[in-house]
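Under UniProt numbering, think of the first position of the sequence shown as 1, with each following residue one higher. Cβ atoms here follow ideal geometry from the backbone N, Cα and C, with glycine treated the same way. Bear in mind the structure is a predicted one, so any value in this text is a computation, not a measurement. Written out below as structure tokens is the structure these notes cover.
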Amino acid sequence: MSVFAVPNMTCGHCRTAITEALEAVDDTVEIEVDMASREIDVFSEAGDEAILKALADAGYPATLKS
Ligand SMILES: [Cu+2]
1 MSVFAVPNMT
11 CGHCRTAITE
21 ALEAVDDTVE
31 IEVDMASREI
41 DVFSEAGDEA
51 ILKALADAGY
61 PATLKS
């Protein structure tokens, strides 16, 4: 599991857009969203770099926290 900070994530629309972007990379991805802290926990076989690229391409540049 990797934790990403996603500062642009602010609402349910963002959650949907992020979920769809990551499902396009890995259709078995599991995501837990913490909207208050603007962080997502991502459970995926895809590498962190692939996740970061998908988030950035969807308009949500992110940083890997752990
Ligand atoms: Cu939004």
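Taking all protein chains shown into account, do 16 or more other C-beta atoms lie within 10 angstroms of the C-beta of residue i, making it buried, or fewer, making it exposed?
{"i": "serine 66", "result": "exposed"}
{"i": "methionine 9", "result": "buried"}
{"i": "leucine 55", "result": "buried"}
{"i": "leucine 22", "result": "buried"}
{"i": "residue 111", "result": "Shown here, the chain extends from 1 to 66; a query on residue 111 therefore has no answer."}
When you compare only the Cα positions, how much space is there between residue i and residue j?
{"i": "arginine 15", "j": "isoleucine 40", "result": "9 angstroms"}
{"i": "threonine 28", "j": "serine 44", "result": "7 angstroms"}
{"i": "alanine 58", "j": "isoleucine 51", "result": "11 angstroms"}
For ligand 1, I want to know if residue i counts as a neighbour, meaning its beta carbon is within less than 7 angstroms of at least one of the ligand's heavy atoms.
{"i": "threonine 28", "result": "no"}
{"i": "threonine 19", "result": "no"}
{"i": "threonine 63", "result": "no"}
Please go through the UniProt domain "HMA" (1 to 63) and give each complete beta strand (DSSP E) segment of 3 or more residues, from N-terminal end onward. 2 to 5, 30 to 34, 39 to 43
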